[in-house]
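In what follows, a structure is listed as structure tokens, so that the remarks can point back to it.
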Amino acid sequence: MAELTMTHMPKTPFKQRFARSLHTDSGIIHVLSQLPEKGDSEFLYLRMHVSGAATISHKGTQVSLEPGDLVFCDHDRPHVVQSDGDCQVTVFRVSKRHLGVSESDLRHVVGVPVRGGEGVGALVSVFLSSLAVEEELHGSRIGDRLARSAVDMLAVLVMELCTEGTGTRRETADAADVSAETLARIRAFIDEHLMDPDLSPQSVADAHHISVRYLHKLFENEGTTVSQWVRQRRLEFCRHDLGRLSHRKLTVAAVARRWGFRSASHFSRVFRDAYGMSPREWQACA
Numbered sequence: 004m005a006e007l008t009m010t011h012m013p014k015t016p017f018k019q020r021f022a023r024s025l026h027t028d029s030g031i032i033h034v035l036s037q038l039p040e041k042g043d044s045e046f047l048y049l050r051m052h053v054s055g056a057a058t059i060s061h062k063g064t065q066v067s068l069e070p071g072d073l074v075f076c077d078h079d080r081p082h083v084v085q086s087d088g089d090c091q092v093t094v095f096r097v098s099k100r101h102l103g104v105s106e107s108d109l110r111h112v113v114g115v116p117v118r119g120g121e122g123v124g125a126l127v128s129v130f131l132s133s134l135a136v137e138e139e140l141h142g143s144r145i146g147d148r149l150a151r152s153a154v155d156m157l158a159v160l161v162m163e164l165c166t167e168g169t170g171t172r173r174e175t176a177d178a179a180d181v182s183a184e185t186l187a188r189i190r191a192f193i194d195e196h197l198m199d200p201d202l203s204p205q206s207v208a209d210a211h212h213i214s215v216r217y218l219h220k221l222f223e224n225e226g227t228t229v230s231q232w233v234r235q236r237r238l239e240f241c242r243h244d245l246g247r248l249s250h251r252k253l254t255v256a257a258v259a260r261r262w263g264f265r266s267a268s269h270f271s272r273v274f275r276d277a278y279g280m281s282p283r284e285w286q287a288c289a
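Residues are numbered in this note's numbering as their position in the sequence shown, beginning at 1, plus a constant of 3.
This is the structure:
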């Protein structure tokens, strides 16, 4: 199970005392007294700037951090975040294994400021900000599922940073493992809702608390699209029903409607494109 630990740090410098740590894994909530001086090398820490003045040195330039901005931290790769006494941050701890980040990738990830107002950074920042304040969800089944979604989003952010750092797409085997679990859940959901003609990328993404962009990225990695996958699965179930003796009395239009096709003529066209014969011809020779 994915593990996500959230630590709210009030107006104190980074690495000093903080108020609480919320651990959304198997319904457990831990309260800690201070951030460990030495972190476990298994984990990365994500620092989300909440308020106050802070800067980070990146590529020889001092970059000011704004509310919502994100920075990955690693105890094994120290970097300097300068802040005043009124700085407030929220820190998230997550397993490197679940993020699909290798040791060679870390140089493209750790200490790189991510703007919380644009791109993937905005999606991650808004989601984590909401997750951090919804205390009634912590320790619940819903909280655990949201934590898994958060880890999936962070994995996408890591891949984005690696892409920017190398100029090429860096999808490691570990990242693929993380995405595979999410993709399996999504495919099962799609099969359960094929009969709904309103099934769409947006409704699938909403049901799994992920962005449509991330959803498309998952299917892109499989060499297809969300819409193509839905159509393929609907066609497979339609072909199965049309070939069953017990369904011989059903019209082609009825079978098409049953599996979410709004138009019988459109169904007939895509069926012929997929199988080289019309639905009626398939039904007749089955």
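Quick reminder that beta carbons are idealized off the backbone N, C-alpha and C, glycines included.
Source: prediction; values computed, not measured.
>> Run through the DSSP bridge pairs and tell me what Ile-292 is partnered with.
In response: Since the first residue shown for the chain is 4 and the last is 289, residue 292 is missing from the structure and cannot be characterised.
> Measuring CA to CA, which of Phe-270, Leu-102, Arg-50 is closest to Gly-114?
Replying inline: Arg-50
> If Ile-59 sits next to Val-92, beta carbons under 8 Å apart, how far is it from one beta carbon to the other, in whole angstroms?
Replying inline: Rounded, the Cβ-Cβ distance is 12 Å, inconsistent with contact.
>> If the criterion is Cβ atoms closer than 7 Å, does the pair Leu-102 and Leu-157 meet it?
In response: yes
>> On a Cα-Cα basis, can you pick out the residue from Arg-237, His-211, Gln-231 that is closest to Ile-145?
In response: His-211
> Do the segment 242 to 262 and the segment 223 to 231 touch if we need at least three Cβ pairs shorter than 8 Å?
Replying inline: no
> Short check: CB of Ser-105 to CB of Gly-119, under 7 Å?
Replying inline: no
> Rounded to whole angstroms, how far is the Cβ of Arg-260 from the Cβ of Leu-197, which I believe are closer than 8 Å?
Replying inline: 12 Å between Cβ atoms; not a contact.
> When DSSP labels each residue in this structure, what does Leu-218 get in the three-state scheme?
Replying inline: helix
>> Please return the same chain residues whose Cβ sits closer than 6 Å to the Cβ of Phe-75, not counting the five positions on each side in sequence.
In response: Leu-47, Leu-49, Val-112, Val-113
> Quick one: what's got a C-beta closer than 7 Å to Arg-173's C-beta in the same chain, skipping five residues either side?
Replying inline: For Arg-173, the predicted model reports a pLDDT of 40, less than 50, meaning its position is unreliable; a value from the coordinates is still stated below. Excluding positions up to five away in sequence, the list reads Asp-108, Met-162, Cys-165, Thr-166.
> Which full runs of the beta strand (DSSP E) of 3+ residues lie inside the segment 181 to 266, going along the chain?
Replying inline: none
>> Once DSSP output is grouped into helix, strand and coil, what is the label at Met-162?
In response: helix
> In this structure, does DSSP put Ser-54 in helix, strand or coil?
Replying inline: strand
> Short check: CB of Ile-189 to CB of Ser-152, under 7 Å?
Replying inline: no
>> Going by beta-carbon coordinates alone, are Leu-73 and Val-117 separated by less than 7 Å?
In response: yes
> From what residue to what residue does the alpha helix (DSSP H) around Leu-96 run?
Replying inline: Rather than Leu, the amino acid found at residue 96 in this sequence is Arg. From DSSP, Arg-96 is part of no alpha helix (DSSP H) but of the beta strand (DSSP E) over 91 to 98.
> Are the beta-carbon atoms of Asp-155 and Thr-185 separated by less than 7 Å?
Replying inline: yes
> Count the other CB atoms within 10 Å of the CB of His-269; is the residue buried (16 or more) or exposed (fewer)?
Replying inline: exposed
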